[in-house]
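These notes concern the structure reproduced below.
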Amino acid sequence: MTENLLQFIWQHRLYASKEPLKTAEGETLLVLHPGTLNTHAGPDFLEARIILNSTLWAGNIEVHVKSSDWILHQHQKDANYDRLILHVVYLHDATISTSQGTVFSTIELKSYVEESLFERYRQLMESNRFIPCDSRIATVSTLTVQMQLERMLAERLEEKTGRIIELLNLKKNNWHEVFYIQLARAFGLHINQDAFERVALQTPLHLFEKYKNQQPIIEALLFGQAGFLSDYFDEPYPDVLHSEYQYLKKLYALEPISVHLWKFLRLRPANFPTIRLAQFAQLIVQSTHLFSKILNAQSLSELEDLFDVEVSGFWLNHYTFRDESAQKKKHLGKSFIHTLISNAVVPSLFIYGKLQGQNHLCESAIYFLQQLPAETNQIIRKWESKMGVAKNAADTQARLQLYKKYCLPKKCLSCGIGYEILKRGDKK
Ligand code: SF4
């Protein structure tokens, strides 16, 4: 028995209630509202309503495995616990009182909870299968699973927007600048996302806007700020970029990042940060008011078209500034564009819609995610035997969130699927 499980039992009224509940003091207890679970300091449930004998009580409720935990936690000295109307315990082993000396009623749930519920909980907590409810999830209703996945998707989007909110504060609500930083981060994928973000943070968007139609200057700014233009080069094009950047650096007091922050190791040449920077530069050159266009996009193909860019001439036969390679086109591939949409466009649209009260944009964000193909990885493949093949990226994002944030840390008591398994008797 844990306190979390007892809170869960109380919150969802999972005690057998064939007979009226009786407190340790012999009063009949009717629970009108178990209270709202308090996740902050203080009593466990706030604003509960109960009837003891025939008197209505409204106030807070504390839950402990044993009554004596009250003393262990020193609540008898804490005025925050003075307004309690009920102590809910599994085992009543001590008489307790508030800091004012008031004694209040205790309900001991031991005899009201079915043993099988504890057994199901124990099985979940002791399981070492892919997911703790591995052997029972097939018995859970499709509606419950669907609702849990919808909750997970919303939660994942909220989590992804945390950084955007920080950037909005930093950039004084300049959405265009924040989107450009978010997009830069997405260009870096997992391996170079921090370096990309730092370049964007240290290079104001208005500079790119000022030199918008001058592609070599955009590349000089971007590669210079990324730390790639500190040396002289043998080839003319990088040498021109070097000179341009030295001039711009002085003019605008720019601060480049260290070139050592970029990782090339184990990357295919097409994914080298130099190529991604060249593609990002081209996106800046080609697109005007990109964020506004994204807000107005009606379809996935419209979004894909916005990111359809090809590198400038020098990069067609280079992967780095130093080495020449065979001529090859290096436009943004479809799956990379989908990653940009998933990691930059969807969270930005979602949070913009939410903060501006434009719900249709939140719906568009989810719609775009539903149009993107499902991701594939080991976790997603394992989910297939439990929930069938994922239909799209919204599905896979929800499954990843459920696995990482709930199944792995065994937060089954906070999961709708776990609730159904624990609640409904011993069906397997
Ligand atoms: S968190 Fe939910 S889905 Fe995951 S194992 Fe627990 S009950 Fe199952």
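Residues in the sequence shown are numbered consecutively from 17, following this note's numbering. For every residue, glycine included, the Cβ atom is placed at its ideal position computed from N, Cα and C.
For the beta strand (DSSP E) that contains residue i, what are its first and last residues?
i     : result
Asn76 : Thr71 to Lys82
If I measure Cβ to Cβ from residue i and keep anything under 6 Å in the same chain, skipping five residues before and after, which residues do I get?
i      : result
Trp73  : Ile66 and Ile101
His91  : Tyr97
Ala492 : Given a span of 17 to 444 for the chain in the structure shown, any question on residue 492 remains unanswerable.
Lys444 : Confidence at Lys444 is low in this model, with a pLDDT of 44, below 50, so the placement of that residue should be treated as unreliable; the coordinate-derived value is given next. Within the same chain, Lys444 has no close Cβ partners at all.
Thr355 : none
Lys427 : none
Tyr422 : Cys431
Pro289 : Asn208 and Trp278
Cβ atoms of residue j and residue i: under 9 Å apart, would you say?
i      : j      : result
Leu424 : Phe24  : no
Gly240 : Glu225 : no
Glu41  : Ser121 : yes
Lys439 : Leu30  : yes
Leu22  : Tyr128 : no
Ala236 : Leu257 : yes
Gln413 : Leu316 : no
Ala95  : Ile77  : no
Gln230 : Ala360 : no
Phe203 : Leu306 : no
Ser341 : Ala409 : no
Ile310 : Ser364 : yes
Pro285 : Tyr335 : yes
Glu391 : Leu416 : yes
Ile180 : Ile382 : no
Val104 : Ser113 : no
Leu173 : Val362 : yes
Thr39  : Leu68  : yes
Which partner residues does residue i have in the DSSP bridge list?
i      : result
Lys38  : Thr44
His334 : Glu340
Ala64  : Gly75
His103 : Glu78 and Thr122
Thr52  : Leu62
Could you pull out every residue in the same chain whose Cβ sits closer than 7 Å to the Cβ of residue i, ignoring the five residues on either side in sequence?
i      : result
Val325 : Gln295, Gln298, Leu299, Gln302, His347 and Leu348
Ile353 : Glu320 and Phe323
Glu130 : Ala32
His28  : Tyr435 and Lys439
Glu271 : Gln218
Lys126 : Tyr106 and Leu107
Arg99  : Gly75 and Asn76
Tyr268 : Leu223
Met168 : Ala414, Gln417 and Leu418
Pro232 : Val256, Leu257 and Glu260
Trp331 : Ile291, Ala294 and Lys346
Asn54  : Asp60, Phe61 and Leu62
Asn190 : none
Lys370 : Cys378
His192 : Leu221 and Phe307
What is the residue span of the alpha helix (DSSP H) that residue i lies within?
i      : result
Val161 : Thr158 to Lys176
Tyr227 : Here Tyr227 belongs to no alpha helix (DSSP H), and DSSP marks it neither H nor E.
Ala381 : Asn375 to Gln387
Gly432 : Gly432 to Lys439
Pro289 : Pro289 to Gln302
Phe280 : Where Phe280 is concerned, there is no enclosing alpha helix (DSSP H), given that its DSSP letter is neither H nor E.
Glu320 : Leu316 to Leu322
Lys93  : Looking at the DSSP string, Lys93 is not in any alpha helix (DSSP H), and its letter there is neither H nor E.
Thr412 : Ala409 to Leu418
Ser308 : Leu306 to Asn312
Glu142 : Glu131 to Glu142
Asn20  : Glu19 to Gln27
Gly369 : Val362 to Leu371
Lys402 : Gln394 to Met403
Lys265 : Pro252 to Leu267
His192 : Trp191 to Phe203
Ser351 : Lys350 to Leu356
Beta-carbon within less than 8 Å of residue i's beta-carbon, same chain only, minus the 5 sequence neighbours each way: which residues are those?
i      : result
Ala200 : Phe212, Glu213, Val215, Ala216 and Phe296
Asn287 : Leu205
Ile273 : Ala211, Arg214, Val215, Gln218, Gln241, Ala242 and Gly243
Ile207 : Lys279 and Leu283
Leu37  : Tyr31, Thr44, Leu45, Leu46, Val47, Ile123 and Tyr128
Glu400 : Ala406
Ile433 : Cys149, Ile153, Val156, Thr160, Val161 and Gln164
Is residue i near the ligand FMN, judged by its Cβ being under 8 Å from some heavy atom?
i      : result
Gln374 : No copy of the ligand FMN appears in this structure; the ligands present are the ligand SF4.
Does any C-beta atom of chain D lie closer than 9 Å to the C-beta of residue i?
i      : result
Glu213 : Among the chains in the structure shown there is no chain D, since it carries only a single protein chain.
Whose beta carbon lies closer than 5 Å to any heavy atom of the ligand SF4, going through the chain in order? Ile147, Pro148, Cys149, Tyr422, Cys423, Cys428, Cys431, Ile433 and Gly434
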